[in-house]
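Undergrad:
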Amino acid sequence: MDLTSLRAVLFDIDGTLIDSNYLHVESFMQAFDEVGVEMSTWRVHRAIGLDSSRLMEELLGDRADEVGDEVKEAHSRLYRELWPRLRRFDGARELLETLHGRGIRVVLATSAPEDELEELLRVLDCDDVIHATTNGDDVETAKPEPDILGVALERAGVAADEALMVGDARWDAVAAGRAGVRMVGVRSGGISEGELRDAGALEVHDDVAALLRSLS
1 MDLTSLRAVL
11 FDIDGTLIDS
21 NYLHVESFMQ
31 AFDEVGVEMS
41 TWRVHRAIGL
51 DSSRLMEELL
61 GDRADEVGDE
71 VKEAHSRLYR
81 ELWPRLRRFD
91 GARELLETLH
101 GRGIRVVLAT
111 SAPEDELEEL
121 LRVLDCDDVI
131 HATTNGDDVE
141 TAKPEPDILG
151 VALERAGVAA
161 DEALMVGDAR
171 WDAVAAGRAG
181 VRMVGVRSGG
191 ISEGELRDAG
201 ALEVHDDVAA
211 LLRSLS
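Going by the UniProt record's numbering, the residue at position 131 of the sequence shown is 131; the numbering climbs one at a time, nothing skipped.
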């Protein structure tokens with residue numbers, strides 16, 4: 001990856017820097033069980049990273065208005081119980097430190113709730129190299145809408161063509177494209193290289209450790 005023209009890198013967190021996607025899947029599956037909805041694990045996994053309301057519509061269809069809020073509340077509660085299992089991906093801290101050391105602003109562009117972001121930051125343990133963060137309070141609609149990236153760019157103080165997005169989901173690539181930001185994908189969230197490229201990723205690496213090795 002060429003850093004020549006970059007002034008900021010905007011990072012998704014879940015599935016990109018922190019190994020959390022499958023914990024989200026696990027807690028959503030338990031939440032669906034609690035409300036008596038049969039759901040397939042693969043469908044949940046493929047929706048991870050979507051705006052929460054869009055995720056409920058994707059998975060529940062016509063029943064989203066009926067039980068969507070109940071599922072979201074149960075998921076939040078159950079996911080908190082899994083926080084002790086959150087782990088930082090190998091290479092995550094080293095990548096952020098490397099970018100910071102080269103004068104590139106690191107921004108965490110996530111729509112996670114504020115309390116969840118605090119836990120993710122604790123696990124990431126990289127506050128000293130992070131320029132700014134976003135959270136769910138900053139926008140009304142999350143990815144694939146580009147709003148959260150607009151906030152991230154503003155906090156980085158850079159234009160879209162001076163930034164790069166790193167994420168693990170199709171929704172990251174779509175949001176980046178809508179924001180006019182280049183996007184590099186990682187497979188650590190469980191989405192294939194082909195799907196990430198089809199959604200707009202310019203490069204795809206196995207994980208952030210592989211991305212770090214590719215820096216020029």
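For every residue, glycine included, the Cβ atom is placed at its ideal position computed from N, Cα and C.
Figure out for me which residue from VAL208, PRO113, MET1, VAL123 has the closest Cα to the Cα of GLU73.
TA: Of the listed residues, the one whose Cα sits closest to GLU73 is PRO113.
Undergrad: Where do the N-terminal and C-terminal ends of the beta strand (DSSP E) with ARG77 fall, by residue?
TA: It is not in any beta strand (DSSP E) - ARG77 instead sits in the alpha helix (DSSP H) that spans 64 to 81.
Undergrad: Name, in chain order, the residues that DSSP records as bridge partners for ARG88.
TA: Bridge pairing for ARG88: ILE18 [DSSP].
Undergrad: Between which two residues does the alpha helix (DSSP H) carrying ALA210 extend?
TA: 208 to 213
Undergrad: Just the Cα atoms here: how many angstroms apart are THR4 and LEU164?
TA: 12 Å
Undergrad: Between the beta-carbon of SER23 and the beta-carbon of LEU86, is there less than 8 Å?
TA: Correcting the residue identity first, residue 23 is Leu in this sequence and not Ser. Yes; because the gap between Cβ atoms is below 8 Å, this pair is in contact.
Undergrad: Are the beta-carbon atoms belonging to VAL186 and ASP161 less than 8 Å from one another?
TA: Contact: no.
Undergrad: Less than 8 Å between the CB atoms is what I'm expecting for PHE11 and ALA109, so what's the real figure, rounded?
TA: Right, their Cβ atoms sit about 6 Å apart.
Undergrad: Between ARG155 and VAL181, what straight-line distance do the alpha-carbon atoms span, to the nearest angstrom?
TA: Distance between the alpha carbons of ARG155 and VAL181: 15 Å.
Undergrad: Measuring alpha carbon to alpha carbon, tell me which residue in VAL184, GLY200, VAL204 is nearest GLU193.
TA: VAL204
Undergrad: With VAL44 as the anchor, note down where its alpha helix (DSSP H) starts and where it stops.
TA: Element bounds for VAL44: 41 to 47.
Undergrad: Which word fits THR41, buried or exposed, when buried means at least 16 other C-beta atoms lie within 10 angstroms of its C-beta?
TA: exposed
Undergrad: Just tell me which of VAL158, GLY167, MET1, ALA201 has its CA closest to the CA of LEU8.
TA: Sequence inspection shows Ala at residue 8; the Leu mentioned does not correspond to that position. Among VAL158, GLY167, MET1, ALA201, the Cα nearest to that of ALA8 belongs to VAL158.
Undergrad: Could you check what DSSP says for MET29 in three-state terms: helix, strand or coil?
TA: helix
Undergrad: Exposed or buried, which one is ASP115 when buried takes at least 16 other CB atoms within 10 Å?
TA: When all chains shown are included, ASP115 counts as exposed.
Undergrad: Rounded to whole angstroms, what's the CA-CA distance from VAL129 to GLU97? Just pull it up for me.
TA: 6 Å
Undergrad: Whole-angstrom Cβ separation of ALA179 and GLY150, contact assumed at under 8 Å?
TA: Between GLY150 and ALA179 the Cβ distance is about 6 Å, and since that is below 8 Å, they are a contact.
Undergrad: Between the Cα of ALA173 and the Cα atoms of LEU120, ARG93, ARG43, LEU50, which residue gives the shortest distance?
TA: Proximity to ALA173 across LEU120, ARG93, ARG43, LEU50 peaks at LEU50, based on C-alpha coordinates.
Undergrad: Got a sec, what are the start and stop residues for the beta strand (DSSP E) LEU3 sits in?
TA: Segment: none, LEU3 is in no beta strand (DSSP E) and carries neither H nor E.
Undergrad: Determine the DSSP secondary structure at HIS131, reduced to helix, strand or coil.
TA: coil
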